[in-house]
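Q: Dumping the structure here so I can ask a few things about it.
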Amino acid sequence: MTKAQSLRHLDIAKKGEGVTQQIERHTISVMVDNEAGVLARVIGLFSGRGYNIESLTVAEVDAQHHFSRITVVTSGTPMIIEQIKNQLRRLVPVHRVTDLTVEGPSLERELILVKVKGTGEKRVESLRIADIFRARVVDSTIESFVFEMTGSTEKLTAFVNLMQPLGLVEVSRTGVVAISRGPEAI
Amino acid sequence: MATEPVTGADIVIKALVDQGVEVIFGYPGGAVLPLYDALFKQNQIKHILVRHEQAAVHSAEGYARSTGKVGVVLVTSGPGATNAVTGLTDALMDSVPVVCLTGQVPTHLIGNDAFQEADTTGITRPVTKHNYLVKSINDLSRVIHEAFHVSRSGRPGPVVVDLPKDIQQAKYDYVNYANQRHRSYNPQLKPDRALIERAVELMAKAERPLFYIGGGVVNSGTAASQLLTEFVRLTGFPCTQTLMGLGAFPASDPLSLGMVGMHGMFESNHAMHDCDLMINIGARFDDRVTGRLAAFSPGSTKIHVDIDPSSINKNVHVDLAIVGDVGHVVEDLLRVWKARQVKPNGKALAAWWDQINKWRARECLRYRPSNDVIKPQYALQRLYDAIKGRDYYITTEVGQHQMWAAQFIKFEKPYHWLTSGGLGTMGYGLPAAIGVQIAHPEALVIDVAGEASIMMNIQEMSTAAQYRTPVKVFILNNRWMGMVRQWQELLHGGRYSESYSDALPDFVKLADAFGWTGLRATKPAEMDDIIKTMIETPGPVIVDVAVDERENCFPMIPSGAAHNEMLLGPDDQKASPVSEEGMVLV
Numbered sequence: 001m002t003k004a005q006s007l008r009h010l011d012i013a014k015k016g017e018g019v020t021q022q023i024e025r026h027t028i029s030v031m032v033d034n035e036a037g038v039l040a041r042v043i044g045l046f047s048g049r050g051y052n053i054e055s056l057t058v059a060e061v062d063a064q065h066h067f068s069r070i071t072v073v074t075s076g077t078p079m080i081i082e083q084i085k086n087q088l089r090r091l092v093p094v095h096r097v098t099d100l101t102v103e104g105p106s107l108e109r110e111l112i113l114v115k116v117k118g119t120g121e122k123r124v125e126s127l128r129i130a131d132i133f134r135a136r137v138v139d140s141t142i143e144s145f146v147f148e149m150t151g152s153t154e155k156l157t158a159f160v161n162l163m164q165p166l167g168l169v170e171v172s173r174t175g176v177v178a179i180s181r182g183p184e185a186i
Numbered sequence: 001m002a003t004e005p006v007t008g009a010d011i012v013i014k015a016l017v018d019q020g021v022e023v024i025f026g027y028p029g030g031a032v033l034p035l036y037d038a039l040f041k042q043n044q045i046k047h048i049l050v051r052h053e054q055a056a057v058h059s060a061e062g063y064a065r066s067t068g069k070v071g072v073v074l075v076t077s078g079p080g081a082t083n084a085v086t087g088l089t090d091a092l093m094d095s096v097p098v099v100c101l102t103g104q105v106p107t108h109l110i111g112n113d114a115f116q117e118a119d120t121t122g123i124t125r126p127v128t129k130h131n132y133l134v135k136s137i138n139d140l141s142r143v144i145h146e147a148f149h150v151s152r153s154g155r156p157g158p159v160v161v162d163l164p165k166d167i168q169q170a171k172y173d174y175v176n177y178a179n180q181r182h183r184s185y186n187p188q189l190k191p192d193r194a195l196i197e198r199a200v201e202l203m204a205k206a207e208r209p210l211f212y213i214g215g216g217v218v219n220s221g222t223a224a225s226q227l228l229t230e231f232v233r234l235t236g237f238p239c240t241q242t243l244m245g246l247g248a249f250p251a252s253d254p255l256s257l258g259m260v261g262m263h264g265m266f267e268s269n270h271a272m273h274d275c276d277l278m279i280n281i282g283a284r285f286d287d288r289v290t291g292r293l294a295a296f297s298p299g300s301t302k303i304h305v306d307i308d309p310s311s312i313n314k315n316v317h318v319d320l321a322i323v324g325d326v327g328h329v330v331e332d333l334l335r336v337w338k339a340r341q342v343k344p345n346g347k348a349l350a351a352w353w354d355q356i357n358k359w360r361a362r363e364c365l366r367y368r369p370s371n372d373v374i375k376p377q378y379a380l381q382r383l384y385d386a387i388k389g390r391d392y393y394i395t396t397e398v399g400q401h402q403m404w405a406a407q408f409i410k411f412e413k414p415y416h417w418l419t420s421g422g423l424g425t426m427g428y429g430l431p432a433a434i435g436v437q438i439a440h441p442e443a444l445v446i447d448v449a450g451e452a453s454i455m456m457n458i459q460e461m462s463t464a465a466q467y468r469t470p471v472k473v474f475i476l477n478n479r480w481m482g483m484v485r486q487w488q489e490l491l492h493g494g495r496y497s498e499s500y501s502d503a504l505p506d507f508v509k510l511a512d513a514f515g516w517t518g519l520r521a522t523k524p525a526e527m528d529d530i531i532k533t534m535i536e537t538p539g540p541v542i543v544d545v546a547v548d549e550r551e552n553c554f555p556m557i558p559s560g561a562a563h564n565e566m567l568l569g570p571d572d573q574k575a576s577p578v579s580e581e582g583m584v585l586v
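The listed protein sequences correspond, in order, to chains X and U.
In terms of our numbering, the first sequence opens at residue 1 and continues consecutively.
In terms of our numbering, the second sequence opens at residue 1 and continues consecutively.
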């Protein structure tokens with residue numbers, strides 16, 4: 001994804017004190033110590049200061065050094081995004097904050113599990129579409145499928161929309177994980 | 001350097017001693033009994049028994065902000081911890097280093113709604129710089145030392161360490177981790193050299209420069225204040241201070257314009273509005289300072305020096321941001337300024353001072369004197385005249401009296417002015433004064449109070465009596481929550497909803513009841529004698545000064561207005577009514 005594509009201008013902010021600023025969507029990676037309460041600190045920061053969370057994922061990525069990686073997708077004016085990063089850096093267990101949206105090209109992926117219930121032509125159609133999207137069937141009964149798929153948030157949403165008339169009954173998604181392209185580590 | 005295993009409570013005491021702690025402010029309870037037992041068996045740390053946990057934190061703040069050391073609090077679980085929350089929030093907002101040890105129910109009972117259990121780390125997470133729940137005795141030594149490091153370094157703030165009772169009783173080796181480097185927390189102290197060069201370039205060619213300095217200078221230490229004073233004098237630029245920055249630059253220096261902001265000086269606010277270069281050192285563009293953001297200093301280039309990157313570009317966009325400790329930054333600025341032998345634009349600067357002196361000539365602190373009723377401003381002028389030249393410390397409560405104290409009492413050095421700026425906590429002044437007095441037993445410590453605020457932590461009179469701390473409480477008693485009444489007058493058609501201080505105690509009798517000395521003044525002619533008696537009386541004294549009930553605090557930037565729309569006095573009011581947008585602001 002290029003920088004221009006990822007800086008989707010979702011909205012024009014209302015005229016705040018003299019400066020008109022566009023709302024941007026950013027994907028931020030936060031490396032933290034994997035300790036009790038660290039996720040609450042990050043989430044509490046967002047809710048307490050009125051920042052948006054569009055998606056948030058967390059898991060330990062380095063068991064030896066007890067590092068967890070939090071990926072948060074947020075939106076705001078450039079001034080707010082800068083604030084979010086600085087506020088995150090201020091948290092004591094935070095090691096590194098990386099704005100993947102501005103620091104070079106990056107990849108975003110999300111995993112989804114979709115349960116579709118139905119028989120006959122609709123059932124066949126759902127399987128056909130799943131094939132086009134390269135979704136996998138991970139559970140099947142005579143009257144249902146569970147599809148597993150990874151991809152960008154947009155692709156997953158498109159798939160869910162197509163399943164809607166074909167007997168969609170349940171959706172579970174992981175939220176976005178992201179990593180920079182190229183050989184450099186953050 | 002492992003030693004014989006000792007109890008968790010003893011580990012805490014050893015760590016405190018190794019951190020140089022001499023005084024703890026606290027209140028015992030079930031979940032901290034092992035710690036209190038350990039305190040009982042030692043004589044290196046003095047414990048001050050407060051009468052409410054909120055006051056323990058404010059006392060620790062007073063101790064910390066008048067010494068530059070970390071203030072230490074010890075309270076029990078549940079209500080002990082929840083009562084401390086206001087104090088912790090106050091310390092966070094004003095960047096005061098405080099370590100608060102809270103008791104907790106034993107680890108196996110956590111989550112069971114046990115007696116006096118509260119989710120202390122959950123409750124205090126947004127009101128502390130950091131907090132810890134110690135679940136393993138192995139972590140205890142490290143956590144206590146880390147808490148002190150986090151609290152005092154970078155932008156200082158409160159840190160809570162929650163200590164379950166079984167951890168206090170468990171045994172383990174004590175290890176001194178005092179100089180351990182933290183694996184993720186390392187605030188930047190030294191500034192980027194290129195930014196310093198750029199700042200000096202901007203300053204060299206400025207025509208209407210202004211220093212705007214805040215509490216960060218005080219937090220950086222007395223040496224930083226001295227360096228800054230030297231630097232400001234070298235430049236010849238005017239220097240205005242925030243409420244928290246009073247004393248960071250000598251008030252008597254001709255370059256000082258006094259306080260900026262909502263109730264700041266006319267000349268300071270107009271200089272802020274009209275300057276072409278603003279040099280913000282250790283201040284945070286608080287809404288009490290900026291007024292309406294869209295109209296805030298519209299023509300200036302702004303330099304912002306702050307140790308906390310999140311303070312930069314938060315409210316006001318700046319042109320040059322320098323992250324670092326004020327002491328280091330000013331040292332570098334001085335060096336570059338001297339090395340380049342910078343000569344500021346003398347002609348432009350002279351014209352700028354001419355303009356400033358015209359604003360000064362308006363004498364914005366003027367008020368209508370009276371021979372019959374004590375004007376609060378007069379009371380404070382007489383107080384200041386009496387204490388000038390002594391080693392005095394002033395604390396305040398919150399409201400009109402606080403602003404008048406900031407306007408009329410002058411400070412030549414940092415650490416001597418203590419007020420609740422960010423949170424605006426009524427009830428701060430008395431416990432803070434006790435904390436100051438504990439740290440400076442010989443000094444003259446005065447809490448300038450209002451009759452409403454003082455009632456919020458009045459129980460601390462008992463603490464002062466117990467430790468014979470000779471604090472002086474100087475109440476400007478106008479029988480109103482004055483600032484509330486002033487706003488109701490300005491914004492709500494004079495409908496004084498619940499702002500009258502009814503059923504007040506007789507403060508002189510109250511003083512008597514607590515073993516204090518009580519004095520009262522009702523006429524201007526009595527002021528000097530009363531103040532003299534207050535200062536000369538050895539123990540704690542309460543002075544009830546019956547002041548003009550209707551006096552309002554001026555000058556004032558009304559809510560939602562700009563710096564050049566200041567009201568100078570009551571007659572100015574009708575000229576610029578408060579806008580609807582301004583009504584929403586606090």
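Cβ coordinates follow ideal geometry from the N, Cα and C atoms, glycine included.
Everything numeric in this text was worked out from a predicted model, so none of it was measured.
Could you tell me which residues DSSP puts in a beta bridge with R25/X?
A: On the first sequence, position 25 is the one that residue 25/X refers to. According to DSSP, R25/X bridges with S75/X.
Q: Between G450/U and chain X, is there a C-beta pair that is closer than 9 Å?
A: One-based indexing of the second sequence puts residue 450/U at position 450. G450/U does not count as touching chain X.
Q: Are I394/U and W417/U closer than 9 Å when you measure CB to CB?
A: Your numbering for residue 394/U matches position 394 in the second sequence. Your numbering for residue 417/U matches position 417 in the second sequence. A contact, by the Cβ cut-off of 9 Å.
Q: Scan the stretch 41-60 of chain X for residues whose Cβ lies nearer than 7 Å to a Cβ of chain U and list them as they occur along the chain.
A: Listed by position, the residues of the stretch 41-60 of chain X near chain U (Cβ gap below 7 Å) are R41, G44 and G48.
Q: Would you check if the stretch 153-171 of chain X and the stretch 82-96 of chain X touch, i.e. whether three or more CB-CB distances between them fall below 8 Å?
A: Contact fails: fewer than three Cβ-Cβ distances are below 8 Å.
Q: Exposed or buried, what is D208/U when buried is set at 16 or more other beta-carbons lying within 10 Å of its beta-carbon?
A: Position 208 of the second sequence holds residue 208/U. The question names Asp, but residue 208/U in the sequence shown is Arg. Buried: at least 16 other Cβ atoms inside 10 Å.
Q: I want to know whether the stretch 67-77 of chain X touches the stretch 131-144 of chain X - three or more CB-CB distances under 8 Å.
A: The stretch 67-77 of chain X, when compared against the stretch 131-144 of chain X, does not touch it at the 8 Å Cβ threshold.
Q: Determine, for N552/U, whether the minimum Cβ-Cβ distance to residues of chain X falls below 9 Å.
A: Here residue 552/U refers to the residue found at position 552 of the second sequence. No - not a single Cβ of chain X is within 9 Å of the one on N552/U.
Q: If you draw a straight line from the C-alpha of L257/U to the C-alpha of G44/X, how long is it?
A: Sequence index remark: in the second sequence, residue 257/U carries index 257 (1-based). Sequence index remark: in the first sequence, residue 44/X carries index 44 (1-based). Each residue's alpha carbon lies about 40 Å from the other.
Q: Is any beta-carbon of chain U found at less than 9 Å from that of T2/X?
A: For the purposes of this step, residue 2/X is identified with residue 2 of the first sequence, where counting begins at 1. At T2/X the pLDDT is 38, less than 50, meaning the model places this residue with poor confidence; the figure from the coordinates comes in the next sentence. So no, T2/X is outside the interface.
Q: Can you give me the Cβ contacts of V541/U inside the same chain, cut-off strictly under 6 Å, excluding the 5 residues immediately before and after it?
A: For the purposes of this step, residue 541/U is taken as residue 541 along the second sequence, with counting starting at 1. These residues qualify, in order along the chain: K472, T517 and M534.
Q: To which residues of the same chain is P344/U closer than 8 Å at the C-beta, ignoring the five residues directly before and after it?
A: Within the second sequence, the letter at position 344 stands for residue 344/U. Taken in chain order, the residues that qualify are M203, A204, A206, P209, T235, G236 and F237.
Q: Identify every run of the alpha helix (DSSP H) within the stretch 81-163 of chain U, keeping only runs that are complete inside it and at least 4 residues long; order them along the chain.
A: Fully enclosed alpha helix (DSSP H) runs of 4 or longer: 120-124 and 140-152.
Q: Can you give me the C-alpha to C-alpha distance between V398/U and T27/X, rounded to a whole angstrom?
A: If you number the second sequence from 1, residue 398/U lands on position 398. If you number the first sequence from 1, residue 27/X lands on position 27. Approximately 43 Å between the Cα atoms of the pair.
Q: Would you call the CB atoms of V73/X and S47/X closer than 9 Å?
A: Working through the first sequence from its first residue, we reach residue 73/X at position 73. Working through the first sequence from its first residue, we reach residue 47/X at position 47. No.
Q: How big is the Cα-Cα spacing for S387/U and M403/U?
A: Residue numbering aside, residue 387/U sits at position 387 when the second sequence is read from its first letter. Residue numbering aside, residue 403/U sits at position 403 when the second sequence is read from its first letter. The sequence shown places Ile at residue 387/U, not Ser. C-alpha separation (whole angstroms): 18 Å.
Q: Among residues of its own chain, excluding the 5 on either side of D10/U, which ones have a beta-carbon nearer than 8 Å to its beta-carbon?
A: As a first step, residue 10/U must be located in the second sequence, where it is residue number 10. Counting only Cβ-Cβ distances below 8 Å, and skipping sequence neighbours, we find A38 and Y174.
Q: Given that G396/U touches chain X, what residues does it touch there, using C-beta distances under 9 Å?
A: Taking the first residue of the second sequence as 1, we reach residue 396/U at position 396. A quick correction: the sequence has Thr, not Gly, at residue 396/U. Per Cβ cutoff of 9 Å: no residues; T396/U is ~28 Å from chain X at best.
Q: Please identify the residue among E121/X, A36/X and V177/X whose C-alpha is closest to the C-alpha of G151/X.
A: Counting from one through the first sequence, the residue named residue 151/X turns up at place 151. Among E121/X, A36/X and V177/X, the Cα nearest to that of G151/X is on V177/X.
Q: Would you call T469/U buried or exposed, if buried means 16 or more other Cβ atoms sit within 10 Å of its Cβ?
A: As a first step, residue 469/U must be located in the second sequence, where it is residue number 469. It counts as buried.
Q: The alpha helix (DSSP H) with P165/X in it runs from where to where?
A: Stepping through the first sequence from its first residue, residue 165/X is reached at position 165. Note, P165/X: premise wrong, no alpha helix (DSSP H); not H, not E.
Q: Of all Cβ atoms in chain X, is any one closer than 9 Å to the Cβ of H304/U?
A: The residue you call residue 304/U lines up with position 304 of the second sequence. Answer no: the Cβ-Cβ gap between H304/U and chain X never drops below 9 Å.
Q: Mind checking which residues open and close the beta strand (DSSP E) that includes D166/U?
A: For the purposes of this step, residue 166/U is identified with residue 166 of the second sequence, where counting begins at 1. That residue, D166/U, is in no beta strand (DSSP E); its alpha helix (DSSP H) goes K165 to Q169.
Q: Kindly give me the distance between the Cβ atoms of R479/U and E498/U, rounded to whole angstroms, as I take these residues to be in contact under 8 Å.
A: In the second sequence, counting from the first residue as 1, residue 479/U sits at position 479. In the second sequence, counting from the first residue as 1, residue 498/U sits at position 498. Not a contact, Cβ separation roughly 14 Å.
Q: Within 10 Å of its beta-carbon, does P369/U have 16 or more other beta-carbons around it, so buried, or fewer, so exposed?
A: The sequence position of residue 369/U within the second sequence is 369, counting from 1. Label assigned to P369/U: exposed.
Q: Here's the rule: buried if 16 or more other CB atoms are within 10 angstroms of the residue's CB, otherwise exposed. What is G62/U?
A: Start at 1 with the first residue of the second sequence, and residue 62/U comes out as number 62. The residue in question, G62/U, is buried, as its Cβ has 16 or more Cβ neighbours within 10 Å.
Q: Name the chain X residues that come within less than 7 Å of Y185/U, Cβ to Cβ?
A: Numbered from 1 along the second sequence, position 185 holds the residue referred to as residue 185/U. Within chain X, the residues near Y185/U are V92.
Q: Just the C-alpha distance for A406/U and Q241/U, rounded to the nearest angstrom, thanks.
A: Taking the second sequence and counting its residues from 1, the one referred to as residue 406/U is at position 406. Taking the second sequence and counting its residues from 1, the one referred to as residue 241/U is at position 241. Roughly 11 Å separates the two Cα atoms.
Q: For a quick check, are the C-beta atoms of Y392/U and Y378/U less than 9 Å apart?
A: Residue numbering aside, residue 392/U sits at position 392 when the second sequence is read from its first letter. Residue numbering aside, residue 378/U sits at position 378 when the second sequence is read from its first letter. Contact flag unset, no.
Q: With a cut-off of 8 Å, do at least 3 Cβ pairs link the stretch 63-81 of chain U to the stretch 130-139 of chain U?
A: They do not touch, by the three-pair rule.
Q: Run down chain U in chain order and give the residues with a C-beta less than 9 Å from the C-beta of A185/X.
A: Walking along the first sequence from the start, residue 185/X turns up at place 185. By Cβ distance, chain U contributes nothing, its closest Cβ being about 17 Å from A185/X, past 9 Å.
Q: Under three-state DSSP, which class holds F133/X?
A: By 1-based counting over the first sequence, the position of residue 133/X is 133. The answer is coil: DSSP assigns F133/X none of H, G, I, E or B.
Q: Is R89/X close to chain U, meaning its C-beta is less than 9 Å from at least one C-beta of that chain?
A: Here the question's residue 89/X lines up with position 89 in the first sequence. Interface residue, yes.
Q: Can you give the Cα-Cα distance for S6/X and R142/U, rounded to whole angstroms?
A: Position 6 of the first sequence, counting from 1, holds the residue named residue 6/X. Position 142 of the second sequence, counting from 1, holds the residue named residue 142/U. Confidence at S6/X is low in this model, with a pLDDT of 36, below 50, so the placement of that residue is unreliable and no value is reported for it.
Q: Could you tell me if R284/U is buried or exposed, where buried requires 16 or more neighbouring beta carbons within 10 angstroms of its beta carbon?
A: On the second sequence, position 284 is the one that residue 284/U refers to. Counting Cβ neighbours within 10 Å, R284/U comes out buried, since at least 16 surround it.
Q: Look up A60/U in the DSSP assignment and say whether it is helix, strand or coil.
A: Numbered from 1 along the second sequence, position 60 holds the residue referred to as residue 60/U. Three-state DSSP puts A60/U in a helix.
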